[in-house]
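**Student:** Provided herewith is a single structure, encoded as structure tokens, for subsequent inquiry.
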Amino acid sequence: MLNIRKMRQDPDFFRRGLSRRGLSPSLVDRCLELDAERRRYLTRVQELRHRRNVISQELAAAKKSGKDVSSMLAEMKTLADELETLERRLDEVSEELHKTLFNLPNIPHDSVPDGRSEEDNVVVRSWGNPRTDEEGIMDHVDILQRLGLADLEAAAKIAGARFYILKDELVILNLALIRFALDILSRKGFTLVQPPYMIQRRIMEGVVAFQDFQDMLYKVEGEDLYLIGTAEHPIAGIHADEVLDGRLLPLRYAGVSPCFRREAGAHGKDTKGIFRVHQFEKVEQFVFCKPSQSWAEHEALIRNAEEIYQALGLPYRVVNICMGELGPIAAKKYDLEVWMPAQKKYRELVSCSNCTDYQANRLGIRYREEPHVEETEYVHTLNSTAIATERTIVAILENYQRRDGSVDIPEVLHPYTNGVTRLKPRNQ
RNA sequence: GUGGGGGUGCCCUAGCCCGGUAGGGGGCUGGCCUGCUAAGCCAGUGGCUCCAAAAGAGCCUCGCGGGUUCAAAUCCCGCCCCCCACGCCA
Numbered sequence: 039m040l041n042i043r044k045m046r047q048d049p050d051f052f053r054r055g056l057s058r059r060g061l062s063p064s065l066v067d068r069c070l071e072l073d074a075e076r077r078r079y080l081t082r083v084q085e086l087r088h089r090r091n092v093i094s095q096e097l098a099a100a101k102k103s104g105k106d107v108s109s110m111l112a113e114m115k116t117l118a119d120e121l122e123t124l125e126r127r128l129d130e131v132s133e134e135l136h137k138t139l140f141n142l143p144n145i146p147h148d149s150v151p152d153g154r155s156e157e158d159n160v161v162v163r164s165w166g167n168p169r170t171d172e173e174g175i176m177d178h179v180d181i182l183q184r185l186g187l188a189d190l191e192a193a194a195k196i197a198g199a200r201f202y203i204l205k206d207e208l209v210i211l212n213l214a215l216i217r218f219a220l221d222i223l224s225r226k227g228f229t230l231v232q233p234p235y236m237i238q239r240r241i242m243e244g245v246v247a248f249q250d251f252q253d254m255l256y257k258v259e260g261e262d263l264y265l266i267g268t269a270e271h272p273i274a275g276i277h278a279d280e281v282l283d284g285r286l287l288p289l290r291y292a293g294v295s296p297c298f299r300r301e302a303g304a305h306g307k308d309t310k311g312i313f314r315v316h317q318f319e320k321v322e323q324f325v326f327c328k329p330s331q332s333w334a335e336h337e338a339l340i341r342n343a344e345e346i347y348q349a350l351g352l353p354y355r356v357v358n359i360c361m362g363e364l365g366p367i368a369a370k371k372y373d374l375e376v377w378m379p380a381q382k383k384y385r386e387l388v389s390c391s392n393c394t395d396y397q398a399n400r401l402g403i404r405y406r407e408e409p410h411v412e413e414t415e416y417v418h419t420l421n422s423t424a425i426a427t428e429r430t431i432v433a434i435l436e437n438y439q440r441r442d443g444s445v446d447i448p449e450v451l452h453p454y455t456n457g458v459t460r461l462k463p464r465n466q
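Positions 39 to 466 (my numbering) are the ones given, in order, by the first sequence.
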């Protein structure tokens, strides 16, 4: 949610930002009008409340000394009526303002490229040497088939399409990837958390775009709960309605959780295998920091993800997501895309966003430079995948496959795999 | 799930039965006092509005939402959360 006080101070900044998003800059003026109207009502309401408080006290005193209070009662009555009308108008205007602000997207950073589609994303840097020229390279679905380490048919039987069952060494590999990422982030000072996998609507609204409720999120029937789409969602809520001590910022969390996604609107895309599924595991980085720190933190988060994929030896590139592909919550987003040899394409495995003060405004997360400093300021929040394990498994299977149908496990994972260094076809 | 007890400002707590300016203690910050420290004393300690700003004034805040009333922390209704016991349970 955009900050109305900042909008009052620097409306042009917001007009420019909304224009870049393809929205009318007059939306800013609409907000400022509503804001002015709201404050006019508020002032009047406060005056009447003051009058009410004064009479109320006089009335209490008069009653004590046995004086006649009928004229006071009469005035209170008319005052109460007038107040009720004004308060209702105030509520209406406030709600309208809130709704308008709530639905405006975040202001993009200057470095976000223009453009509408994937092709307009800007490659920031690349790493590693993609396998391109080999014959007979298999995609992950075929490799899984030969290894016999996943059962997609049984998963479809018990849960439907876009589910999977991992088996044996693949279970170990999945857990190894999680441990590997957690250890790296723990060494970097991140606080490890395993959050709730379902959260209340109020928190979810603070973190995601309205559209996500329809396209991405599962609702728990009969409860005010939604399954999380990523650990970002619960972690963002950890400090809701708090004023943090600025000396302790940045606060860095590494969350591990399953992620649940409806994938509505993804019909026909990546229908086979375990690349696009309704449930997967992910280790997520999340940062609460001061505005002055957030752009450096954003770079640090993508570098952490790169460190992980470099250690795994998976060729990737980092792209700066263009205006048209940037969701409404983020001010800037990097994706890390890993090379998939069978598709001969880079595919998204990591998404790294600086949401500036957008989520913080919705969730009421502020900080104070030091205790007893009066002014508070909204924090900036950032999130980035550290590792999405199922997609990483896909990448490992395709990039580490050998001619004999076996798949090497990246060396950095060996400490976590109980001595398994290679996945071999079942029939061998 | 049942029974009981709770939720009051940064923390603890009084007030609730019996409606009328939310009181006390602690912590912290600043000041006074003081060889130093401690103690003591004074003030401040959430959100918002008016105001160019400062100063000042006011409004709101007793878990949340309704209701009754001239007036609600207090009375009534609904909901949420925490603690204890019992029950159920991986």
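For each residue, glycine too, the CB sits at the ideal point set by N, CA and C.
#1: Could you check whether the segment 341-354 touches the segment 412-425, counting it as contact only if at least three pairs of C-beta atoms, one from each stretch, sit closer than 8 Å?
#2: If you scan the segment 123-208 from start to end, which runs of the beta strand (DSSP E) of 3 or more residues do you find wholly inside it?
#3: Which full runs of the beta strand (DSSP E) of 3+ residues lie inside the segment 298-359, going along the chain?
#4: Taking the straight line between their C-alpha atoms, what separation do you get for Ile210 and Arg169?
#5: Measuring CA to CA, which of Lys137, Thr123, Val388, Asp148 is closest to Phe52?
#6: So, helix, strand or coil for Lys370, using DSSP?
#7: Using 8 Å as the threshold, is the C-beta distance between Val325 and Leu215 below it?
#8: Do Leu86 and Leu121 come within 8 Å of each other at the CB atom, strictly closer than that value?
#9: According to DSSP, Ile403 sits in a beta bridge with which residue or residues?
#10: Could you tell me if Gln84 is buried or exposed, where buried requires 16 or more neighbouring beta carbons within 10 angstroms of its beta carbon?
#11: Which full runs of the alpha helix (DSSP H) of 4+ residues lie inside the segment 39-87, going along the chain?
#12: Between Glu436 and the rest of its own chain, which residues show a CB-CB distance below 6 Å, the 5 nearest in sequence each way excluded?
#13: Opposite Gly293 in the DSSP bridges: which residues?
#14: Am I right that Phe298 and Tyr256 are in contact with their C-beta atoms under 8 Å? What's the rounded C-beta distance?
#15: Taking one C-beta from the segment 360-371 and one from the segment 383-394 each time, how about it: are there three or more such pairs within less than 8 Å?
#16: Comparing alpha-carbon positions, which option in Cys360, Leu190, Tyr354, Glu133 lies nearest Thr430?
#17: Per the contact definition of three or more C-beta pairs closer than 8 Å, is the segment 333-340 in contact with the segment 298-310?
#18: What span of residues does the alpha helix (DSSP H) with Ile266 cover, start to end?
#19: Pick from Thr229, Pro272, Arg200, Tyr235: whose alpha carbon is nearest that of His305?
#20: Which whole-angstrom value is the C-beta distance of Arg406 and Val281, which I expect to be below 8 Å?
#21: Under three-state DSSP, which class holds Ala426?
#22: In whole angstroms, what is the alpha-carbon distance linking Lys105 and Arg77?
#23: Compute the Euclidean distance between the alpha carbons of Val458 and His452, then round it to the nearest angstrom.
#24: Below 8 Å between beta carbons: does that hold for Val150 and Tyr79?
#25: Taking three-plus beta-carbon pairs below 8 Å as touching, is the segment 216-233 in contact with the segment 283-295?
#26: Looking at C-alpha atoms only, which residue of Ile340, Lys205, Ala118, Ile403 is the closest neighbour of Asp373?
#27: Report yes if the C-beta distance between Leu387 and Val376 is below 8 Å; otherwise report no.
#28: Which residues does DSSP pair with Cys390 in a beta bridge?
#29: Under 8 Å Cβ to Cβ from Ser94, same chain only, skipping five residues before and after it: list those, please.
**Tutor:** Answer, in terms of the structure:
#1: yes
#2: 160-165
#3: 317-327, 354-358
#4: Working through the first sequence from its first residue, we reach residue 210 at position 172. Working through the first sequence from its first residue, we reach residue 169 at position 131. Spanning the two alpha carbons is a distance of roughly 26 Å.
#5: In the first sequence, counting from the first residue as 1, residue 52 sits at position 14. Checked all of Lys137, Thr123, Val388, Asp148; the closest Cα to Phe52 is Asp148.
#6: Counting from 1 along the first sequence, the entry for residue 370 is found at position 332. Looking at Lys370 - three-state DSSP - the assignment turns out to be strand.
#7: Sequence index remark: in the first sequence, residue 325 carries index 287 (1-based). Sequence index remark: in the first sequence, residue 215 carries index 177 (1-based). It is not a contact, given that the beta carbons lie outside the stated cut-off.
#8: Along the first sequence, read from residue 1 onward, the residue named residue 121 stands at position 83. Along the first sequence, read from residue 1 onward, the residue named residue 86 stands at position 48. Result yes, Cβ atoms of Leu121 and Leu86 sit closer than 8 Å.
#9: As a position in the first sequence, residue 403 is number 365, starting the count at 1. DSSP output for Ile403 lists Glu280 as bridge partner(s).
#10: For the purposes of this step, residue 84 is taken as residue 46 along the first sequence, with counting starting at 1. The residue in question, Gln84, is exposed, as its Cβ has fewer than 16 Cβ neighbours within 10 Å.
#11: 42-47, 49-58
#12: Against the first sequence, residue 436 aligns to sequence position 398. His178, Met378, Pro379, Ala380.
#13: The residue you call residue 293 lines up with position 255 of the first sequence. Val231, Glu322, per the DSSP bridge assignment.
#14: Here the question's residue 298 lines up with position 260 in the first sequence. Here the question's residue 256 lines up with position 218 in the first sequence. Confirmed, Cβ separation roughly 5 Å.
#15: yes
#16: Here residue 430 refers to the residue found at position 392 when the first sequence is read from its first residue. For Thr430, the nearest C-alpha among the options comes from Tyr354.
#17: no
#18: If you number the first sequence from 1, residue 266 lands on position 228. Looking at the DSSP string, Ile266 is not in any alpha helix (DSSP H), and its letter there is neither H nor E.
#19: Here the question's residue 305 lines up with position 267 in the first sequence. The option with the nearest alpha carbon to His305 is Arg200.
#20: Here residue 406 corresponds to residue number 368 of the first sequence, with the count starting at 1. Here residue 281 corresponds to residue number 243 of the first sequence, with the count starting at 1. That pair is a contact at about 6 Å.
#21: To locate residue 426, count along the first sequence from 1; it is residue 388. Looking at Ala426 - three-state DSSP - the assignment turns out to be strand.
#22: Reading the first sequence from its first residue, position 67 is the one you call residue 105. Reading the first sequence from its first residue, position 39 is the one you call residue 77. Distance between the alpha carbons of Lys105 and Arg77 is about 38 Å.
#23: Residue 458 sits at position 420 when you count from the first residue of the first sequence. Residue 452 sits at position 414 when you count from the first residue of the first sequence. Rounded to the nearest angstrom, the two C-alpha atoms are 7 Å apart.
#24: Your numbering for residue 150 matches position 112 in the first sequence. Your numbering for residue 79 matches position 41 in the first sequence. No, the Cβ-Cβ distance between Val150 and Tyr79 is not below 8 Å.
#25: yes
#26: Sequence index remark: in the first sequence, residue 373 carries index 335 (1-based). That would be Ile340, whose Cα lies nearest to the Cα of Asp373.
#27: Here residue 387 corresponds to residue number 349 of the first sequence, with the count starting at 1. Here residue 376 corresponds to residue number 338 of the first sequence, with the count starting at 1. Contact flag set, yes.
#28: Walking along the first sequence from the start, residue 390 turns up at place 352. DSSP output for Cys390 lists Tyr372, Ser422 as bridge partner(s).
#29: If you number the first sequence from 1, residue 94 lands on position 56. Only Met114 meet the Cβ criterion.
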